[in-house]
Amino acid sequence: MQLSLFSPGPEAKPICSTTYFPLHRRAALVRATALRLISPETGTRFWKKHIAKMRGKLRHDGLKQQQINAEMRAYKSAVNAFVLGYKKIPQIENQKRSATILPLSRPRSEAERCPEGSAGANATKPASRTTVAQHLH
168 MQLSLFSPGP EAKPICSTTY FPLHRRAALV RATALRLISP ETGTRFWKKH
218 IAKMRGKLRH DGLKQQQINA EMRAYKSAVN AFVLGYKKIP QIENQKRSAT
268 ILPLSRPRSE AERCPEGSAG ANATKPASRT TVAQHLH
């Protein structure tokens with residue numbers, strides 16, 4: 168039996184998959200896009216075309232709509248952060264930070280600069296540190 172070239176056959180399975188670099192590894196793309204958005208007149212027009220082009224490429228590469236939406240949300244957030252003048256790195260953003268701070272308005276004493284016991288026999292205990300909550304009240 169001869170196969171017909173015009174009848175649909177079994178659905179072909181993809182032979183490869185596409186993996187995208189994490190967004191923090193594409194900083195040059197984020198920076199270049201953000202710099203194009205600085206001008207409000209041309210920025211809006213550029214952004215709409217740029218996003219449509221990126222969505223089309225992701226769709227062409229075989230990503231599902233949910234994956235495309237997640238990728239675009241992260242990209243928009245990174246570009247927005249750059250435009251606003253600060254950089255967010257996802258790995259650092261999710262880490263817990265210490266709530267202990269030192270006021271910057273007073274110089275630190277010798278005891279605070281040296282670990283306990285290394286300032287000599289006359290070392291005093293470091294002054295208690297101010298927490299963020301105490302500092303804000």
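Residue numbers in the sequence shown follow the working numbering, run continuously in steps of one, and reach 304 at the last position. We put the beta carbon where it would ideally sit given N, CA and C, even for glycine.
Buried or exposed (CB count within 10 angstroms, at least 16 for buried), residue i
i: threonine 209; result: exposed
i: alanine 245; result: buried
i: threonine 211; result: exposed
i: lysine 243; result: exposed
As assigned by DSSP and simplified to three states, the class of residue i
i: serine 244; result: helix
i: lysine 193; result: Reading the sequence as shown, one finds arginine at residue 193 and not lysine. Three-state DSSP puts arginine 193 in coil, outside helix and strand.
i: isoleucine 235; result: helix
i: isoleucine 218; result: helix
i: leucine 202; result: helix
i: glycine 229; result: coil
i: glycine 252; result: coil
Contact set for residue i: own chain, Cβ-Cβ below 8 Å, skip 5 residues either direction
i: leucine 204; result: Gly210, Phe213, Trp214, Val246 and Val250
**Prompt:** Within the chosen definition, does the region 218-238 reach the region 192-199 through at least 3 CB pairs nearer than 8 Å?
**Reply:** no
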